[in-house]
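> With the sequence shown counted from 1, adding 80 to any position gets you the numbering used here. Heads up, the beta-carbon is just placed ideally off N, CA and C, and yes, glycines get one too. Keep in mind the model is a prediction, meaning the values are calculated, not measured. Shown below is the structure under consideration.
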Amino acid sequence: MTNTYFENIPSCQIELLQKIIGQRVENLIRYSWWSAEESTAQADIDEHEVFSLTAGPLLLYFDSGLVIGAASNPSLNSVTVWIEEDQNEVVQSGKPIESDAQLFPIEARDRKYSHLLWRKLIGQKVCDFTILKQKPINVLYEDLPNEVGIIITFEQGLAFVLSHGLHDDSDDFSVIQKSHISEQVLNTIIEIQSC
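Right under this line is the structure:
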């Protein structure tokens, strides 16, 4: 495997993650594979869980104009992060997520398909981040990054996790609270503090 293969894992994006410290979140939008209505049936989830648990990436919009994308890559057993836009200039390679007509935007502000916590984060300043690394569960995982989460901490003690399957021990990307990680899964996690 080349370094390019690993370039979007959190430990290779420390500089990017450090850029968000001190910035305020202007918006959080999931770009779902399904409409919000379809997500409840397809993912077998309650309406207020759609933002957190639908399939598809998340874009985090900051007051500086920086937009970060987050998703997960099952072949790496890891969350991935990248710069989608910086100062309103698209910098990621390929088609911008916002312009993908096959994806359905679901905002954190949505009162029906999002939990109150996500609405509370809008306008909050990022204080810190922590990378969550999972101990290899068998030999097939030993050569993988296993960076299964990033905890993003905000002022006033608010936080959330960009998660690779931590809510249900799957390989699905989700945006959750740390309290949604089972004790069994937490016992396999090593926290790597930000630099």
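Distance check for I177 and S194, CA to CA, integer angstroms please.
Their backbone Cα atoms lie some 20 Å apart in a straight line.
> Pick out whichever of Q122, D248, E106 has its Cα sitting closest to the Cα of D143.
Of Q122, D248, E106, the residue nearest in Cα terms is E106.
> Cβ of L133 within 7 Å of Cβ of A121?
Not closer than 7 Å, so no.
> Does the stretch 110 to 121 come within contact of the stretch 212 to 222, defined as at least 3 CB pairs closer than 8 Å?
Verdict: no, contact absent.
> Between M81 and N226, what straight-line distance do the alpha-carbon atoms span, to the nearest angstrom?
With a pLDDT of only 37 at M81, under 50, the local geometry of the prediction cannot be trusted, and the value read off the model is given with reservation. Roughly 15 Å separates the two Cα atoms.
> Is the Cβ-Cβ distance between G229 and V161 less than 7 Å?
Not in contact: G229 and V161 (Cβ atoms no closer than 7 Å).
> For the putative contact between K205 and G102, defined by C-beta atoms under 8 Å, what is the C-beta separation to the nearest angstrom?
Yes, they are in contact, since the Cβ atoms of K205 and G102 sit about 6 Å apart, within 8 Å.
> How big is the Cα-Cα spacing for L108 and D248?
Their Cα atoms are separated by approximately 22 Å.
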